[in-house]
Structure formats: structure tokens, C-alpha cells
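Those letters in the sequence shown? Residues 1 to 365, per this note's numbering, in order. Glycine included, each C-beta is placed from N, C-alpha and C at the ideal position. Inspection log for the structure reproduced underneath, given as C-alpha cells.
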Amino acid sequence: MMFLGLLNDPLRAVPRGESSRPQGLGAGHHSPGQGHHGGHGGHGGHQNDQPADYNGYSFYFFGDSFADNGNLLKQYPNSELTRQWYPPYQASGRFSNLLVQSDFISLLLRQSWSPPAHRQTRGVGPAGMNFAAGYSGVFDVPGTPTLTRQVHTFNKLVNDGDIKKEHLAGQSVALVAIDGNDYARVGTDTSSFADVTALVDKVTEEIVANVARLRNLGVKKVLVNNLFPLGCAPSLSRPNNYAYCDEEGNQGAALHNRLLAEKLAGMDGVLLVDLSAAFSRIVGPNPDVDMVNLFPNRLAPCCESMDPKGYCGQVDPDTDAALYKVCQDPDRYFFWDEMNPTQVGWEAVMGPLDRPIREFLGLVT
């Protein structure tokens, strides 16, 4: 089943000028915000400096490349795990050509920048922190922390007093973004419907358990991504010459979403963020007309590896020659690489999610 082989490599991320822009939040030209945080070592532990524009919200991000803003540290030489620090990425640690979902959540709540990555800062200010790491899921992968490990790190910072309980007791918000990496790493012997169902049941159980843990630790509101139609990711539509989505991949995502919704039903303080619907209006079989006009290239990535088993940003290990090609106008593409949207793609996704999230957080009535 194609859903079981979502990506060929077991470590694959499930990652301007003026242009027409989708309606939604933010102008999208904000820089990711760098240079305001240092390293961990030799600075007396985490600090709790309050930014000048702190507006009372504390944000905490968990998950994978949809939310990661620098938790996989830069290393040389460039590799699939570190490509987000090298061209054609913007060297901010993000799996996009600029901003990602966590940045847009922060902008939605009127923060001037997204909370810093845990691995990139010694400070745990009241505005929050980002624990998400590309390639992450609920199962172990070398080089990246699982969702449970991310929540454990958060728990330790709460217990140590680095994350103050009064900040959690106020307007604290978390995003849990687990977006399909676990299904890229299943064994080839997982081929029956029963095997698939058992896998999806395990993944969704782990997500829900960590959501409950965050709530028990004092986070007031938790946003939880459901899965976008995975069969529409460039990694799966490439064999179809980006002409149409892989149906089995989409069926697998639908099963995940059904089980996740059932398990989260009735849980207080939790909102299921409907990425499935938001993505489908752009890349689904019946897209909105304005999205078709905005993104003439809905399924193809702006950055495409020359090798179908390769990745955006891959270089020849001997010559450093690029083994990928990049489009001239990323604003015309929904996907940046084999899994992750462009910044304009994220704007289009987050536009219709703006009001449901604001209503959930009590910002609109």
C-alpha cells in the first residue's frame, strides 16, 4: 500500500517580491526573528526575560517540520537532517522558503515573532518556547526527539521553574503538529488493513496521551493538527507527474483523522486544527477556484530533487554541486519541497483556520 511507503527514505521530512496573496492572517513578510537568543552552555541556565511586547500569551510548540524553527542544529556537511540551514532554505532552521505554521500561529495572536527554538536559546521567557523538530513523530528516529521526548523536556522545565506556572495558568497555548512522519517509516511487512489500522491506532493514541499530559501540566489550550491529505504531497504525487494525488495515501490520512477525532472528542481545552480541509481546498480533487488561480503549481514542489529518492537541498558529497532545482517564483507554488508548504502556501492554509482558532481562544465571539 502506498500509504505505508509514504517516502522512500526513512529519514525524509514529512518538510520575495510583490505577488497576489491569499486572504488570511498577516502580510507574511516578517523575518523569522534571529539574534535575540544564545546557546545553552555557560550562561547560568534558562533565563526568564520578558520581551517588551509581551501580550500575556505563552506559546509552546511541539511536533515536526510544520512547526520546527531551529531545533535540529546546523552541522557540516549538509545532510537531510540539516538541509534547512543551507540553500535553498533560508538558513533559519525552518523547512520552508521562510515562515512555517508555528510562525503563523504566533502572528495570529499578535506576537512580533515566534517563540525561540529550545535548542537555540538559553531563555525561557513568558512568551513561550518551540520544542518541535523536523522528522519527528511518536516513534524513535536517530537525531530527532519524539513527541513524548519534547513534552518530557517541557515537563522538566516546568518542574525546574524555568517555565513559570503563573504563565501556564494565564493564557497558555500549545500546538501539537504531528503530520505523517511515522507513516513514512513503517516496515514493508505492514501491508494488511489490520496492520495499518493498528499502526494508526498507536500513533493517534500517543498523540492524545501527550495532549492530555500537556493539559495536566497546566497548558490551558491545546491546538492539535489533523493530517493533510498525504497522497497530495509531492513525494507521493511525483510518480504521477504531479498530475493527481495518491488515493491510498489520502485514505490513510482519513483513517488517522477519524481515529484522532474520536479520541479527542470531549477533551476540554482542545481544538482539532483541520489541516485536512484547509489543504484540500488547495490540493484536493475539487480545489477552490481562487486557489487554482493562486497556485498554478498545486502539487509540484518549488524545490525538487533530481533523484526521486533524493531531497530538496541535496548536494554532491564530493563537489557540493546542487542535486536539486528551484523554481523562479515560489509564490506560484503551494509546496516548497517534497512535503512542506511555501510561506504563501502556509498563508493560504492558515487563512480559513484563523477564525476557528480565534474563537477557541476567546479572541472573537
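Cutoff 8 Å; reference residue i; Cβ partners in own chain excluding five residues on either side
| i | result |
| --- | --- |
| I178 | G63, D64, S136, G137, V138, L147, V203, I207, N225 |
| A321 | V315 |
| R355 | V364 |
| T197 | L255 |
| V292 | R298 |
Cutoff 6 Å; reference residue i; Cβ partners in own chain excluding five residues on either side
| i | result |
| --- | --- |
| R358 | V364 |
| L223 | L175, L271, V273 |
| A117 | N69, G70, N71, N130 |
| S237 | C245, L299 |
| V141 | Y135 |
| D104 | Strictly speaking, residue 104 in this sequence is Phe, with Asp absent from that position. For F104, where only same-chain residues beyond five positions count, the Cβ hits under 6 Å are W346, M350. |
| N250 | P229, G231 |
Under 8 Å between C-beta atoms of residue i and residue j
| i | j | result |
| --- | --- | --- |
| F279 | C312 | no |
| P234 | P301 | yes |
| H167 | P115 | no |
| D68 | A169 | no |
| S106 | G70 | no |
| N97 | Q343 | yes |
| W346 | V100 | yes |
| L323 | S276 | no |
| K165 | G218 | yes |
| A253 | L230 | yes |
| P145 | V326 | no |
| S102 | Q171 | no |
Status (buried if at least 16 other CB within 10 Å, exposed otherwise) for residue i
| i | result |
| --- | --- |
| D182 | buried |
| Y60 | buried |
| P77 | exposed |
| E262 | exposed |
| K221 | buried |
| R94 | buried |
| A348 | buried |
| M339 | buried |
| V289 | exposed |
| T319 | exposed |
| G56 | exposed |
| V200 | buried |
| A243 | exposed |
| A184 | buried |
| D337 | buried |
| P308 | exposed |
DSSP three-state assignment for residue i, whether helix, strand or coil
| i | result |
| --- | --- |
| C232 | helix |
| Y57 | strand |
| A300 | strand |
| S31 | Caution is warranted here: a pLDDT of 40 is assigned to S31, below 50, making its placement in the model unreliable, and no coordinate value can be reported. |
| N130 | strand |
| F104 | helix |
| F154 | helix |
| S237 | helix |
| V200 | helix |
| P330 | helix |
| H37 | Model confidence at H37 stands at a pLDDT of 36, short of 50, so the residue's coordinates are unreliable; what they give is reported in the following sentence. Of the three classes helix, strand and coil, the one that applies to H37 here is coil, per DSSP. |
| L259 | helix |
| K309 | coil |
| A67 | coil |
| P116 | coil |
| G123 | strand |
| F360 | helix |
| L147 | helix |
| Y242 | coil |
| S136 | coil |
Contacts around residue i, its chain only, beta-carbon distance under 7 Å, and the 5 residues preceding and following it disregarded
| i | result |
| --- | --- |
| R332 | F295, P296, N297 |
| L361 | V173, K221 |
| Y86 | N78, G313 |
| K74 | T82, W85 |
| Q90 | N97, L98 |
| S305 | Y311, C312, Q314, L323, Y324 |
| P341 | S96, F334, F335, V349 |
Practice task
Count the CB pairs spanning the region 281-296 and the region 253-272 that are closer than 8 Å, and state whether there are at least three.
Solution key: no
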